[in-house]
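Participant: Quick note: to get the numbering used here, add 9 to the position in the sequence shown (first position is 1).
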Amino acid sequence: MNKAAHIFSWILSPILVPTYGVILSLWVTVLCVLPLGVRWNVVIMTSLITAFLPALAIFLLYKFKAISDPGLNNRGERYVPYGITCVCYILATWYLVRIHAPQWMWMFMVGAATATLVCVTVNVWWKISAHMAALGGLVGLMFRIMTDGLGIVPMWGVTTCGILLLGILGTSRLLLERHTFWQVIAGTAVGFASVYLLT
């Protein structure tokens, strides 16, 4: 069980979820009319900004012993990586605005940055789950696409899958003893509210 929990924690890592959100936006909404090459260029650029750059920063911080664990399980070592990640989300927002992405799409990145700021602020007192905040934000985007009628596929099915993944990830974080039940719930709520209310 622990091995499966680790796999889900890595697949649904906070630095990968924004890329999943961009893929979702470009393949299940009205944006699917864009040429395939254009859509993949957007995915690649946003993944470089929101996944590669934060991962590189965390690797360098770990290599130079600024952090002891690349998984950021030590609450006191989260501030710099979270700050870098937040800046990357802002850069991704700027990129999406520059390529004339619709407002709801680039506001997804604003929501992600907002959730990160909330997590790093709460982190002073309490170890809120960044994994759940990230995936909660993705589910928030799914709900926004559904309620605004932007989907070209039945969004209930997509959203149900997202909710199931939330349950699997939350269970994984509990099995690995990375968070308590309420830290998992709080992370989910922060991510969902940050994205759904802002997009």
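C-beta atoms are modelled at their ideal positions from N, C-alpha and C, and glycine is treated no differently.
Leaving aside the five residues before and after ILE108 along the sequence, list all residues of the same chain whose C-beta is less than 8 Å from its C-beta, in chain order.
Facilitator: VAL51.
Participant: Just tell me which of LEU65, ALA101 and TYR91 has its CA closest to the CA of PRO27.
Facilitator: Checking every option, the nearest Cα to that of PRO27 belongs to ALA101.
Participant: Following the continuous alpha helix (DSSP H) through SER18, name the residue where it begins and the one where it ends.
Facilitator: 11-20 is the span of the alpha helix (DSSP H), which, as asked, contains SER18.
Participant: Using 8 Å for Cβ pairs, my map puts SER22 next to ALA124. What's the rounded Cβ distance?
Facilitator: Actually they are not in contact, since the Cβ atoms of SER22 and ALA124 sit about 15 Å apart, beyond 8 Å.
Participant: Of the choices TYR71, PRO111, TYR91 and PRO90, whose alpha-carbon is the least far from that of LEU244?
Facilitator: As shown, the chain starts at 10 and ends at 208. That puts residue 244 outside it, with no answer to give.
Participant: For LYS72, report the span of its alpha helix (DSSP H) as first-last.
Facilitator: 62-72 is the span of the alpha helix (DSSP H), which, as asked, contains LYS72.
Participant: Along the chain, where does the alpha helix (DSSP H) that runs through ILE161 open and close?
Facilitator: ILE161 -> no alpha helix (DSSP H), and no H or E assigned at all.
Participant: Tell me the DSSP secondary structure of THR94 in three-state form.
Facilitator: Looking at THR94 - three-state DSSP - the assignment turns out to be helix.
Participant: Please report the residue range of the alpha helix (DSSP H) in which PRO27 lies.
Facilitator: Per DSSP, PRO27 belongs to the alpha helix (DSSP H) from 26-36.
Participant: Could you tell me if ARG84 is buried or exposed, where buried requires 16 or more neighbouring beta carbons within 10 angstroms of its beta carbon?
Facilitator: ARG84 is exposed by the Cβ-count criterion.
Participant: One question on the structure: do THR197 and MET141 come within less than 7 Å of each other, judged by their Cβ atoms?
Facilitator: Yes. Within cutoff.
Participant: When burial is assigned at 16 or more other CB atoms within 10 Å of the CB, is SER56 buried or exposed?
Facilitator: Label assigned to SER56: buried.
Participant: Going by the CB atoms, is the gap between ARG187 and GLU132 shorter than 7 Å?
Facilitator: Checking the sequence shown, residue 132 turns out to be Asn, not Glu. Cβ distance not < 7 Å, so ASN132 and ARG187 don't count as in contact.
Participant: Measure the C-alpha to C-alpha separation of LEU159 and THR38 and round it to an integer number of angstroms.
Facilitator: Taking the straight line from one Cα to the other gives about 5 Å.
Participant: Got a sec, what are the start and stop residues for the alpha helix (DSSP H) ARG187 sits in?
Facilitator: No alpha helix (DSSP H) holds ARG187; DSSP gives it neither H nor E.
Participant: Among ALA143, TRP135 and TYR98, which residue has its Cα nearest to the Cα of VAL119?
Facilitator: Measuring from the Cα of VAL119, the nearest candidate turns out to be TYR98.
Participant: State yes or no: is the C-beta of ALA66 within less than 7 Å of the C-beta of ILE24?
Facilitator: Going by C-beta atoms, ALA66 is not nearer than 7 Å to ILE24.
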